[in-house]
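The sequence shown begins at -11 in the numbering used here and counts up by one. Glycine included, C-beta positions come from ideal geometry on N, C-alpha and C. This one's a predicted model, so the numbers in the text were calculated from it and none came from an experiment. Each remark here refers to the structure printed beneath this line.
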Amino acid sequence: MVTDLSPFSPGNCKCLVVKVGSALLVDEDGKLRREWLQSLAADIADRRTRGQRIVVVSSGAIALGARRLGLPKGGRACLEDAQAAAATGQILLSQAWAELLGDKGITAAQMLLTLGDLEDRRRFLNAAATLERLLGLGVVPVLNENDSVATEEIRFGDNDRLAARVGQAAAAEGVLLLSNIDGLFTADPRSDPDAELIARVDDIDAVLKRVTLGESAAMGSGGMGAKVAAARIACKSGIPLGIAQGTAPNPLARLEETGRCTVFAAVSASRARKAWLAGRLTSAGRLTIDAGAVKALQRGGSLLAAGVRHVDGKFARGDAIEIADESGHVLARGLAGYDIADARAIAGKRTEAQAELLGYAPRSAMVHRDHLVLL
């Protein structure tokens, strides 16, 4: 057993995003691989009993829908076919996940996202808040790209990169891409018997100088190139990403037993968040906080409205703002949980008084710790 050594084990990763490709979920005839999915549900149940939160990014809707509708080329002959297949297959896909996870006593939830949902900061925060609440309730969220409405201009195009972005939104500590290959090789193992598995990648650019990524999978849209692109997204956010064989039953248990996969090592999470928040985003406003709130932030807590003394600037929910102490020293930068009008209305107020002032249920924090970096 190499459980304790794996960055994706429950002991080392409290929240894991697991991406499942079409080729694993759907056979060549377009039928659901039900027994395999049952085994994955058992793996998920086992990990949840050991304290790991799981988020699933699941492909397969287009493949399932194409078979149900009798569409040629797996539903990918044209954009309209793909959209129709996705709309039809998504019902079948979500039903299968809900039923098989339900057999293990687990409630599943469906979230369909487009590129814009995670590129737009406000919608990103909405998705993050939904994921946080679902995970807190013990639910397994099952996500997919909303291919029924997405066009080529506004879509991820593959669920590998979507999984990496979901990892950011879920504040995950790992992203695992289950594939029909063991990981990244020095050459295509299907044609080169001397190809070797690369167990760890610390420098993506250096590795790409000596490997060939090969072609995309026939059924889906995410080849090795998409997986490496996903690794760039995840690793720059401080999240390690793995590529592992998923074809055989109980793929998560198999990974723990063998340790066979490629791990793309992450940049330090603190450095990644600091580069994102402190370096790349400008500040749209400032919150001045009291001494108690300063101590809470230094202990790793979120910024609550009760500790805010002044609100300045012009910002909307999701904008980058500064957080300063009462002497004017900027301590942190984060993403605003409220528009400025609402932030001013509840500044200095405790949670029980906020709902009446806002007219709706307050959020958990003025600036959540997952979207905040100390400077």
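Check your understanding: Which residue or residues does DSSP assign as beta-bridge partners of Asp300?
Key -> Numbered from 1 along the sequence shown, position 312 holds the residue referred to as residue 300. According to DSSP, which records beta bridges pairwise, Asp300 is partnered with Arg274.
Point to revise | Span of the alpha helix (DSSP H), counted from its first residue to its last, around Lys224 | key: On the sequence shown, residue 224 is found 236 positions in, with the first residue counted as 1. Met212 to Lys224 is the extent of the alpha helix (DSSP H) around Lys224.
Review point. How should Ala236 be labelled, buried or exposed, when 16 other C-beta atoms within 10 angstroms of its C-beta is the threshold for buried?
Key: Looking up residue 236 in the sequence shown gives position 248. Ala236 is exposed by the Cβ-count criterion.
Exercise for review: With a cut-off of 8 angstroms on the beta carbons, I'd call Val255 and Gly234 a contact; round off their distance for me.
Suggested key: Position 267 of the sequence shown holds residue 255. Position 246 of the sequence shown holds residue 234. Not really, about 26 angstroms apart at Cβ, beyond 8 angstroms.
Review point. Over what stretch of residues does the alpha helix (DSSP H) that includes Thr250 continue unbroken?
Key: Indexing the sequence shown from 1 puts residue 250 at position 262. Here Thr250 belongs to no alpha helix (DSSP H); instead the beta strand (DSSP E) covers Thr250 to Phe252.
Check your understanding: First and last residue of the beta strand (DSSP E) that includes Glu340?
Key -> What you label residue 340 is simply residue 352 of the sequence shown in a count that begins at 1. Element bounds for Glu340: not the beta strand (DSSP E) but the alpha helix (DSSP H), Thr339 to Leu346.
Check your understanding: With 16 as the cutoff for other CB atoms within 10 Å, does Cys1 come out buried or exposed?
Key -> The residue you call residue 1 lines up with position 13 of the sequence shown. Buried, because 16 or more other Cβ atoms sit within 10 Å of the Cβ of Cys1.
Practice item. Would you tell me roughly how many angstroms separate the C-alpha atoms of Phe(-4) and Ser315, rounded to the nearest one? Key: By one-based count along the sequence shown, residue -4 stands at place 8. By one-based count along the sequence shown, residue 315 stands at place 327. Approximately 43 angstroms, taken between the alpha carbons.
Review point. Opposite Glu133 in the DSSP bridges: which residues?
Key: On the sequence shown, position 145 is the one that residue 133 refers to. Looking at the DSSP assignment, Glu133 forms a beta bridge with Leu101.
**Study point:** Member of Arg220, Gln342 and Ala293 whose CA lies at the smallest distance from the CA of His356
**Key:** Position 368 of the sequence shown, counted from the start, is the residue given in the question as residue 356. Each of Arg220, Gln342 and Ala293 was checked against the Cα of His356, and the nearest Cα belongs to Ala293.
Exercise for review: For the stretch 159 to 166 and the stretch 174 to 184, state whether three or more C-beta atom pairs, one from each stretch, are separated by less than 8 angstroms.
Suggested key: Short answer: they don't touch.
Point to revise | Exposure label - Gln342; buried when at least 16 CB within 10 Å | key: To locate residue 342, count along the sequence shown from 1; it is residue 354. Counting Cβ neighbours within 10 Å, Gln342 comes out buried, since at least 16 surround it.
Exercise for review: Check whether the Cβ atoms of Arg332 and Ser271 sit closer than 8 angstroms, and answer yes or no.
Suggested key: Numbered from its first residue, the sequence shown carries residue 332 at position 344. Numbered from its first residue, the sequence shown carries residue 271 at position 283. The answer is no: Cβ separation not under 8 angstroms.
**Study point:** Classification of Tyr326 by the beta-carbon crowding that lies within 10 angstroms, buried from 16 upward
**Key:** Residue 326 sits at position 338 when you count from the first residue of the sequence shown. Burial call: buried.
Review point. At a cut of 8 angstroms, does the stretch 50 to 70 reach the stretch 114 to 132 through at least three beta carbon pairs?
Key: no
Practice item. For Phe112, name the three-state secondary structure that DSSP assigns. Key: Working through the sequence shown from its first residue, we reach residue 112 at position 124. Assignment of Phe112 by DSSP, reduced to helix, strand and coil, places it in the helix class.
Exercise for review: Within the same chain, show all residues whose beta-carbon is closer than 7 angstroms to that of Leu363, passing over the 5 residues directly before and after it, in chain order.
Suggested key: Within the sequence shown, residue 363 is the residue found at index 375, counting from 1. Sequence-distant partners of Leu363 (beyond 5 residues in either direction) whose C-beta falls short of 7 angstroms from its own C-beta, in its chain, are Ala266, Val318, Leu319, Ala320 and Arg321.
Point to revise | Per-residue DSSP class, three states only, for Val8 | key: In the sequence shown, counting from the first residue as 1, residue 8 sits at position 20. Correct three-state label for Val8: strand.
Review point. Below 8 angstroms between beta carbons: does that hold for Asn168 and Val45?
Key: Here the question's residue 168 lines up with position 180 in the sequence shown. Here the question's residue 45 lines up with position 57 in the sequence shown. No, the pair does not count as a contact, with Cβ atoms beyond the cut-off.
Exercise for review: Report yes or no: do the stretch 30 to 39 and the stretch 282 to 301 share at least 3 C-beta pairs separated by less than 8 angstroms?
Suggested key: no
Check your understanding: Is the stretch 191 to 201 in contact with the stretch 118 to 129, if contact means three or more CB pairs nearer than 8 angstroms?
Key -> no
Point to revise | Nearest residue (CA-CA) to Ile328, options Ser136, Arg38, Gly347 and Ala304 | key: Along the sequence shown, one-based indexing puts residue 328 at 340. Among Ser136, Arg38, Gly347 and Ala304, the Cα nearest to that of Ile328 is on Ala304.
Review point. Beta carbon of Asp278, beta carbon of Gly295: below 8 angstroms?
Key: The residue given as residue 278 occupies position 290 in the sequence shown. The residue given as residue 295 occupies position 307 in the sequence shown. Cβ distance < 8 angstroms, so Asp278 and Gly295 count as in contact.
Practice item. Ignoring anything shorter than 3 residues or poking outside the stretch 13 to 101, list the beta strand (DSSP E) runs there in chain order. Key: Taken in chain order, the complete beta strand (DSSP E) segments of 3 or more residues contained in the stretch 13 to 101 are 41 to 46 and 96 to 101.
Check your understanding: In or out: Ala187 buried (at least 16 other Cβ within 10 Å) or exposed?
Key -> On the sequence shown, position 199 is the one that residue 187 refers to. Ala187 comes out exposed.
**Study point:** Close Cβ partners of Arg110 (< 8 angstroms) along its chain, the five nearest in sequence each way excluded
**Key:** As a working mapping, residue 110 is identified with position 122 in the sequence shown. So the qualifying residues of the chain are Ala304, Arg305 and Gly306.
Exercise for review: With DSSP as the reference, please indicate the residues paired to Val163 in a beta bridge.
Suggested key: As a working mapping, residue 163 is identified with position 175 in the sequence shown. Answer is Val5 and Leu229.
Check your understanding: Taking just the CA atoms, how far does Arg351 sit from Gly289?
Key -> In the sequence shown, residue 289 corresponds to position 301, counting from 1. In the sequence shown, residue 351 corresponds to position 363, counting from 1. Answer to the nearest angstrom: the Cα atoms are 15 angstroms apart.
Practice item. Figure out for me which residue from Asp330, Ala335 and His359 has the closest Cα to the Cα of Tyr348. Key: In the sequence shown, the residue the question calls residue 348 occupies position 360. Nearest option by C-alpha distance: Asp330.
Point to revise | Residue range of the unbroken beta strand (DSSP E) whose run includes Val318 | key: For this step, residue 318 is matched to residue 330 along the sequence shown. Per DSSP, Val318 belongs to the beta strand (DSSP E) from Val318 to Leu323.
Point to revise | Span of the alpha helix (DSSP H) around Ile328 | key: Position 340 of the sequence shown, counted from the start, is the residue given in the question as residue 328. That run of the alpha helix (DSSP H) goes Ile328 to Ile334.
Practice item. Could you work out which residue in Gln156, Ala183 and Ala49 is closest to Cys223 when comparing CA atoms only? Key: Residue mapping note: residue 223 aligns to position 235 of the sequence shown, counting from 1. Comparing Cα-Cα distances from Cys223 to each of Gln156, Ala183 and Ala49, the minimum goes to Gln156.
Check your understanding: Rounded to a whole number of angstroms, what is the C-alpha to C-alpha distance between Gly63 and Met212?
Key -> On the sequence shown, position 75 is the one that residue 63 refers to. On the sequence shown, position 224 is the one that residue 212 refers to. Their backbone Cα atoms lie some 22 angstroms apart in a straight line.
Check your understanding: Where does Thr76 land, buried or exposed, given buried means 16+ other C-beta within 10 angstroms?
Key -> On the sequence shown, position 88 is the one that residue 76 refers to. With 16 or more other Cβ atoms within 10 Å, it is buried.
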